[in-house]
Amino acid sequence: MFSFENILDLPIIWYALIGTAVFLYVLLDGFDLGVGILFPFAPSDQSRDRIMNSIAPFWDGNETWLVLGGGGLFAAFPLAYAVLMPAFYLPIIFMLLGLIFRGVAFEFRFKAFGWSRKAWNYAFHLGSLTAAFMQGVVLGTFVQGIAVEGRRFAGGALDWVSPFALMTGAALVFGYALLGATWIIMKTDGETQEWARNYAGSICVCVALFMALVTLSTPLINNDIKTLWFSLPNFFYLSPLPLLAFGMFLLLWKDLRRKKECRPFFLSIGIFLMNYLGLGISLWPWIVPFRFTLWEAAAAPQSQSLLLAGTLFLLPMVLGYTAYSFYTFRGKASPEGYY
Amino acid sequence: MHLFDPVFLARLQFAFTISFHILFPAFTIGIASWLAVVEWRWLKTGNPVFESVYRMWVKIFAVNFGMGVVSGIVLSYQFGTNWSAFSDRTGNILGPLLGFEVLTAFFLEASFLGIMLFGWKRVGKMAHFGATVIVAVGTLISAFWILSANSWMQTPQGFIKGADGIFYPTNWIRIIFNPSFPYRFVHMVAAAYLTTAFVVGGVGAYYLWRRRHVGSARVMFGMAMIMAVFVAPLQLFFGDLHGLNTLEHQPAKVSAMEGLWETQRGAPLKLFGWPDQKKETTLYALEVPKLSSLILTHDFNGEVKGLKEWPSEDRPPAAWIFWSFRIMVGIGLLMIATGIAAVILFLRKRLFDTRWFQFWCMALTPSGFLAVLTGWCVTEIGRQPFIVYNVMRTADSVSPVGSGPVALSLGAFFLVYTVIFGAGTYYILKLIGKGPDMPEDASFGTHGLEKPLLVVDRS
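First to last, the sequence lines map onto chains U and C.
Just so it is clear: in the first sequence, position 135 is 176 by the numbering used here, and no numbers are missing.
Just so it is clear: in the second sequence, position 270 is 273 by the numbering used here, and no numbers are missing.
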């Protein structure tokens with residue numbers, strides 16, 4: 042049995058890998074969930090077809106990162122998977138149901154007419170909205186900490202119903218909407234783009250407000266996080282993160298007014314990245330906050346080693362053909378090229 | 004067993020969601036490979052009928068694939084939500100196998116599916132064909148890993164169990180290629196191919212019967228019959244090998260399949276009957292003397308173990324297994340009969356215009372799905388009361404979640420799946436009703452929908 046445990050700190054590598062997978066999921070499915078969130082507000086049916094086309098070739102691949110996040114957690118930190126999934130039982134179920142509705146809507150709505158087409162439009166919208174909100178709720182519940190006894194979740198079925206988690210749920214809805222709106226700006230033109238640009242402006246303000254709220258309330262719910270961020274000299278080391286995020290907001294706001302087409306999307310990604318890094322720093326080294334660290338929850342080194350060997354070889358390939366797929370469907374979502 | 008027992012509810016939920024899910028991969032695996040063959044024929048011959056067949060079925064494939072993806076994501080999270088004790092203890096072993104499935108298959112399928120469906124005008128013909136082949140191979144790789152994981156739960160090896168109850172791997176080759184895996188893989192892939200063949204054949208038969216789309220229908224019907232002629236008998240052979248493997252490693256499952264309670268030499272084959280778990284006997288049995296011994300041991304007087312060999316708490320529920328097995332085998336025999344009839348009709352040059360045979364094939368359209376479902380019932384129920392055979396019990400595997408949330412989510416899945424499955428079936432039937440486009444008017448749309456609203460911005 043080969044194992045890299047003597048030469049590598051496997052749990053840290055896996056923590057980084059899963060963190061990357063989850064972040065890629067948040068970005069990639071973030072923009073297509075965001076498109077779903079904005080869907081009913083589009084100016085016309087034609088516009089709706091067009092924005093749907095702009096994500097149709099990608100959504101399946103995007104959601105696969107969610108499976109990798111879940112599967113990776115199961116493989117590399119089975120204890121965390123076993124504790125966290127029951128802890129998020131209902132939000133995860135609701136998220137899955139939302140993903141079902143929005144996933145099938147891609148195929149179904151193009152085959153439906155009249156009222157049933159409208160119904161699938163709403164299935165797509167409400168499914169995306171539910172999935173996004175529940176992911177935010179899961180995040181908020183996670184940050185607040187999980188009740189554990191032994192190796193099992195010991196809390197209640199409704200632990201996730203808390204003001205903080207509901208707020209993070211709403212925050213993520215707006216965050217995804219920002220990714221979606223800037224994606225639409227990049228992938229369309231004409232009235233659709235104009236509409237998305239208008240929406241992106243207001244959403245941008247909401248996201249900034251939610252970010253401020255979450256950033257300020259997170260240290261309040263946990264003392265360790267407060268000390269981490271607000272003690273010297275940490276405060277100075279960590280201050281670039283919020284400052285960079287703030288700068289990106291300003292630039293995004295300007296870009297929207299100057300009608301830039303591509304950069305707003307990448308700035309939105311940057312804002313997400315700053316938040317994500319901030320979160321990672323706050324919760325380090327917990328994988329089940331505040332009960333199991335990533336070393337305590339790690340799978341056997343043989344298991345982590347085997348999958349790592351495979352991942353080092355396979356992940357570049359995955360990234361390669363994902364990039365190829367995005368390259369194939371580059372440019373504006375054109376009417377003829379798709380459906 | 005109480006109705007609101009959390010273990011029972013969790014099992015019911017898993018049985019429901021996985022039964023629903025397996026229908027899609029069973030069809031996806033077969034149809035992806037078949038589409039690759041059709042596209043290859045098209046590129047090779049330039050005959051537009053292959054293109055029209057491809058374009059019709061790729062739409063059905065897309066609907067089916069979408070439903071497969073969303074119902075599959077549910078499963079990857081259910082291990083944790085409903086079976087967390089199982090996940091905690093087997094994660095070291097099953098985690099990497101599922102991780103490899105995602106990395107080697109899911110991404111591959113998802114990325115190239117986009118090109119397969121939407122890429123007609125974005126990539127060249129050969130690149131498109133390449134995408135189809137890659138998707139087909141991806142479905143097979145996916146089947147490889149998931150069946151390896153399932154088979155390990157049936158015939159576990161290559162591990163040690165720690166004092167903490169957690170499984171630790173000792174030999175990956177022995178884990179991945181565990182004793183029942185090769186048989187289960189071959190049996191399942193052949194089942195997927197047959198399922199698809201009978202769907203495609205049934206649809207072809209319908210068109211021939213109605214005298215519509217005759218050119219395309221002959222391609223569908225003809226290719227399906229080739230599969231029935233060759234793969235259906237092969238499947239009987241694969242199934243027999245799989246059964247003998249089960250006899251070696253999970254004899255209690257075979258005893259339940261046979262409805263046999265007493266260990267005996269020269270055991271009879273019970274054709275029909277009702278295995279009664281409490282009375283420990285098979286009621287109203289219709290028997291053929293010594294046949295069971297002959298099939299299982301290849302000797303008229305070979306010894307076959309009965310369920311009473313095992314303490315009653317270790318026995319699987321025999322009636323389910325007994326009847327599921329008979330339905331599966333019955334369908335397999337009907338498929339073989341179809342192949343034989345096809346050969347006879349072909350030799351008489353009546354294959355494409357025999358009305359009763361078209362009707363017969365239409366009736367068998369959903370048969371493969373039923374066989375797949377009942378086959379999985381045999382193997383999964385036959386593993387009970389264990390989740391990892393002889394090592395970990397199903398009852399010890401559930402999450403610390405109350406019956407309330409489990410019942411709620413079960414109800415929600417039931418409702419949602421009914422709506423989605425109903426709608427999906429309806430749209431697939433509509434696509435079948437419409438049939439292939441004639442090549443000349445297939446000019447619109449890529450994955451070719453009837454009403455590609457021209458998307459034009461007004462500005």
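The C-beta atom is built at its ideal place from N, Cα and C for all residues, glycine as well.
List, in chain order, every chain U residue whose beta-carbon is nearer than 8 Å to that of residue i.
| i | result |
| --- | --- |
| S412/C | Y130, L131, I134 |
| L106/C | L109, G351, T352, L355, L356, V359 |
| V202/C | Ordered by position in chain U, no residue passes the 8 Å Cβ test against V202/C, which lies about 18 Å from the chain. |
Run the CB neighbour count on residue i, radius 10 Å, all protein chains shown included, and call it buried at 16 or more, exposed below.
| i | result |
| --- | --- |
| Y278/U | exposed |
| W60/C | buried |
| L53/U | It is worth fixing the name first, because residue 53/U is Ile in this sequence and not Leu. I53/U should be labelled exposed. |
| E251/C | exposed |
| W55/U | buried |
| V246/U | exposed |
| D440/C | buried |
| E306/C | exposed |
| C303/U | exposed |
| W359/C | exposed |
| Y57/C | buried |
| M228/C | buried |
| A344/C | buried |
| F306/U | buried |
| I133/U | buried |
Could you spell out where the alpha helix (DSSP H) holding residue i opens and where it closes?
| i | result |
| --- | --- |
| D70/U | 51 to 79 |
| T171/U | 155 to 185 |
| T229/U | Premise fails: T229/U is in no alpha helix (DSSP H) and is neither H nor E. |
| A255/C | 254 to 261 |
| W326/C | 321 to 350 |
| V126/C | Run containing V126/C: none; DSSP gives neither H nor E here. |
| W45/C | 9 to 48 |
| V329/U | Counting along the chain, V329/U falls outside any alpha helix (DSSP H), though it belongs to the beta strand (DSSP E) covering 327 to 329. |
| W294/U | 281 to 298 |
Distance cutoff 9 Å, beta carbons only. Does residue i sit that close to anything in chain C?
| i | result |
| --- | --- |
| A57/U | no |
| I226/U | no |
| S344/U | yes |
| E46/U | no |
| R192/U | yes |
| K267/U | no |
| D200/U | no |
| V255/U | no |
Could one say the Cβ of residue i lies closer than 9 Å to chain U's Cβ atoms, at least one of them?
| i | result |
| --- | --- |
| T142/C | no |
| V41/C | no |
| D8/C | no |
| A366/C | no |
| M156/C | no |
| T428/C | no |
| S55/C | no |
| E283/C | no |
| V404/C | yes |
| A88/C | yes |
| I476/C | No answer is possible for residue 476/C: the residues shown for chain C start at 4 and end at 462. |
Run through chain U and tell me which residues come within less than 9 Å of residue i, C-beta to C-beta.
| i | result |
| --- | --- |
| L150/C | Here the premise fails: no neighbours, minimum Cβ distance about 16 Å. |
| V136/C | By Cβ distance, chain U contributes nothing, its closest Cβ being about 14 Å from V136/C, past 9 Å. |
| N174/C | M42 |
| Y171/C | A341, Q343, S344 |
Starting from the beta carbon of residue i, find every residue of chain C whose beta carbon is closer than 8 Å, and list them in chain order.
| i | result |
| --- | --- |
| L155/U | Looking at the sequence itself, residue 155/U is Gly, so the reference to Leu does not match. Residues of chain C passing the Cβ test: none, with the nearest at roughly 12 Å. |
| E302/U | Ordered by position in chain C, no residue passes the 8 Å Cβ test against E302/U, which lies about 15 Å from the chain. |
| V179/U | Per Cβ cutoff of 8 Å: no residues; V179/U is ~11 Å from chain C at best. |
| T105/U | V105, F109, F110, A113 |
I'd like the span of the beta strand (DSSP E) that includes residue i, first residue to last.
| i | result |
| --- | --- |
| F275/C | 272 to 279 |
| T428/C | Not the beta strand (DSSP E): T428/C falls in the alpha helix (DSSP H), residues 406 to 437. |
| E290/C | 284 to 291 |
| I48/U | Taken as a continuous stretch (DSSP letters only), I48/U belongs to no beta strand (DSSP E), as it is neither H nor E. |
Got a sec: does the ligand SAM put a non-hydrogen atom nearer than 8 Å to the Cβ of residue i?
| i | result |
| --- | --- |
| R58/C | In the structure on display, the ligand SAM does not appear, and there are no ligands present to speak of. |
Along chain U, in chain order, which residues have C-beta atoms closer than 7 Å to that of residue i?
| i | result |
| --- | --- |
| G102/C | G112, G113, A116, L348 |
Original post:
Considering only residues of the stretch 356 to 402 of chain C, which uninterrupted alpha helix (DSSP H) runs meet the minimum length of 4 residues and lie entirely inside it, listed in chain order?
Top reply: Taken in chain order, the complete alpha helix (DSSP H) segments of 4 residues or longer contained in the stretch 356 to 402 of chain C are 358 to 366, 370 to 384.
Original post:
Whole beta strand (DSSP E) runs in the stretch 169 to 246 of chain C with 3 or more residues, listed along the chain?
Top reply: The beta strand (DSSP E) runs lying completely inside the stretch 169 to 246 of chain C and spanning 3 residues or more are 170 to 172, given in chain order.
**OP:** Output the residue ranges of the alpha helix (DSSP H) runs that lie fully inside the stretch 243 to 271 of chain U and measure 4 residues or longer, sorted by chain position.
**Re:** List check, alpha helix (DSSP H) in window: 264 to 271.
Original post:
Can you list, in chain order, the stretches of the beta strand (DSSP E) that have 3 or more residues and sit fully within the stretch 78 to 131 of chain U?
Top reply: Fully enclosed beta strand (DSSP E) runs of 3 or longer: not present.
**OP:** May I have a chain-ordered list of the alpha helix (DSSP H) segments no shorter than 4 residues that lie completely inside the stretch 110 to 167 of chain C?
**Re:** Counting whole runs of 4 or more residues, the stretch 110 to 167 of chain C contains the alpha helix (DSSP H) stretches 110 to 121, 128 to 157.
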